[in-house]
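Q: If you scroll down you'll find the structure; I have some questions about it.
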Amino acid sequence: MDATSFRRCWYALIPVIALSAATAMAQTPVASPTPPADSPTADAPTETKADPWQAQQDRLIVIGDELLKKRQPEAAIREAFEPVIQAHEARYADDGTIYFCSRDPAEALLYLLGVAADHTEGKGGGNARVLGPAWAYGYYGKAYALIELNRFDEAAVALDRALELAPANPQFLTERGYLYRASREWDKMLASNQAALEHVALAPESLRDTERARALRGAGYALIELDRLDEAERHFRDSLKIEPKNQVALDELDYIKQLRKKKP
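Be aware that the sequence shown starts at 0, since it is given in numbering that gives the first Met the number 0, and climbs by one per residue.
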C-alpha cells in the first residue's frame, strides 16, 4: 500500500469520534447567563436545572452513544437520536423564539449577545432562549450515525441543523469539516476547522484541548490539499504539542515530507 492509499484509509476512521464526553456534558444543565438589561429580545432561559423530561432526553443521548459504540448506527438513530429530535421539535414549536443549545455559560452568552446585537441593528426580532445541549446533540448524533452508514448528504442536513442550534460548537464545526473533506471542498473544510479553532475557548475546559487538536488536524489536512504545505505542517506540529503521540498528525507530517520530495 503506498503512502497516499494509507493516508486515505487512515482518514476514513476520522469521523467516528466518541460521543462520551458530549453525553457527559448533556447530563449537566447549563447555567445560562442573564442578557444585558437593554436587550429585551434575549430572554434568559427558564430551564436552568434538569426536569424529568429533560433527564429523559439526556438518557437517550447516552443510549445513542452506547449504540454507536456497539456499531449499531441505525438503532442509534431510531431508538435514541430521532426521539430526542422529535421530542424537542414538539416541545419547542415554531413560536417565534430563537433557540440555541449550549454546553457552557460563555457559549450561551455569545448566542444571546448576538441576538441582541442583531435586534439593535434591525436585523431580527423575537426572544431567544439557550437550552442545554441535548437537542443539538440529537442532530449531531444522527449525523454521526449517518456518516457511519455512508449517507453523507443526509448527514450534512442533520449536522447543519445541529449548527443552527449551536453555531459556535467546535465539535460540530470540525465534523462539518470532515463532510466537506468527503465532498472534496477544501476551502470549506479549512474554513469550518478555522471556525472551530476560533471558538474552541467556548468549549468546556475538560474538552478544550481535544477539540483544539482535532480542529488543527482538520485544518492541516485541508491545507495539504490546497498545496499550502508550510501552513499545514505548522498546524500538525501545533496539534502534537497537545497530543504528542497522535498517529494521524505524525503520519501527515511524513506525508508532507514525501510531497516536498516530489516537487521540482
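Just so you know, even glycine gets a beta-carbon here, dropped at the ideal spot from N, CA and C.
Would residue 135 and residue 109 qualify as a contact pair, given that the criterion is a beta-carbon distance under 7 Å?
A: On the sequence shown, residue 135 is found 136 positions in, with the first residue counted as 1. On the sequence shown, residue 109 is found 110 positions in, with the first residue counted as 1. Cβ atoms of residue 135 and residue 109: not closer than 7 Å.
Q: Among the residues of its own chain, which have a CB less than 6 Å from the CB of residue 180, if the five just before and after it don't count?
A: Working through the sequence shown from its first residue, we reach residue 180 at position 181. Only 188 meet the Cβ criterion.
Q: When the distance is taken between beta carbons, is residue 132 closer than 7 Å to residue 100?
A: Mapped onto the sequence shown, residue 100 falls at position 101. Mapped onto the sequence shown, residue 132 falls at position 133. Closer than 7 Å, so yes.
Q: Please report the distance separating the alpha-carbon of residue 213 from that of residue 91.
A: For the purposes of this step, residue 213 is taken as the residue at position 214 of the sequence shown. For the purposes of this step, residue 91 is taken as the residue at position 92 of the sequence shown. So the two alpha carbons sit approximately 33 Å from each other.
Q: Look up residue 127 in the DSSP assignment and give the residues it is bridged to.
A: Here residue 127 refers to the residue found at position 128 of the sequence shown. Partner(s): 97.
Q: By a C-beta neighbour count over all protein chains shown, 10 Å radius and 16 as the cutoff for buried, is residue 148 buried or exposed?
A: The residue given as residue 148 occupies position 149 in the sequence shown. Residue 148 should be labelled exposed.
Q: Can you tell me whether residue 103 is buried or exposed? The criterion is at least 16 other CB atoms within 10 Å of its CB, across all chains shown.
A: What you label residue 103 is simply residue 104 of the sequence shown in a count that begins at 1. It counts as buried.
Q: Should residue 199 be labelled buried (16 or more other beta-carbon atoms within 10 Å of its own) or exposed?
A: In the sequence shown, residue 199 corresponds to position 200, counting from 1. Flag for residue 199 reads buried.
Q: Check each candidate in 229, 58, 53 and 65 and name the one with the smallest Cα separation from residue 144.
A: In the sequence shown, counting from the first residue as 1, residue 144 sits at position 145. Of the listed residues, the one whose Cα sits closest to residue 144 is 65.
Q: Could you work out which residue in 137, 139 and 107 is closest to residue 127 when comparing CA atoms only?
A: Here residue 127 refers to the residue found at position 128 of the sequence shown. Here the closest residue by C-alpha is 107.
Q: Could you tell me if residue 186 is buried or exposed, where buried requires 16 or more neighbouring beta carbons within 10 angstroms of its beta carbon?
A: Taking the first residue of the sequence shown as position 1, residue 186 is located at position 187. Its Cβ having fewer than 16 others within 10 Å, residue 186 is exposed.
Q: Can the beta-carbon of residue 195 be found less than 7 Å from the beta-carbon of residue 209?
A: As a position in the sequence shown, residue 195 is number 196, starting the count at 1. As a position in the sequence shown, residue 209 is number 210, starting the count at 1. In this structure, residue 209 does not lie closer than 7 Å to residue 195 by Cβ.
Q: Among the residues of its own chain, which have a CB less than 8 Å from the CB of residue 159, if the five just before and after it don't count?
A: Position 160 of the sequence shown, counted from the start, is the residue given in the question as residue 159. 175.
Q: Residue 225 by DSSP, collapsed to three states: which one?
A: To locate residue 225, count along the sequence shown from 1; it is residue 226. Coil at residue 225, not helix or strand.
Q: Secondary structure at residue 249, three-state DSSP: helix, strand or coil?
A: The sequence position of residue 249 within the sequence shown is 250, counting from 1. Helix, per DSSP.
Q: Between the alpha carbons of residue 94 and residue 167, how many angstroms are there, rounded?
A: Reading the sequence shown from its first residue, position 95 is the one you call residue 94. Reading the sequence shown from its first residue, position 168 is the one you call residue 167. Rounded to the nearest whole angstrom, the CA to CA distance from residue 94 to residue 167 is 23 Å.
Q: Report the option in 232, 253 and 80 whose CA atom is closest to the CA atom of residue 56.
A: Along the sequence shown, read from residue 1 onward, the residue named residue 56 stands at position 57. The option with the nearest alpha carbon to residue 56 is 80.
Q: Looking only at C-alpha atoms, which of 114, 139 and 152 sits nearest to residue 162?
A: Stepping through the sequence shown from its first residue, residue 162 is reached at position 163. Sorting 114, 139 and 152 by C-alpha distance to the C-alpha of residue 162 places 139 at the top.
Q: Which runs of the alpha helix (DSSP H) fall wholly inside the stretch 174-219 and span at least 4 residues, in chain order?
A: 185-198
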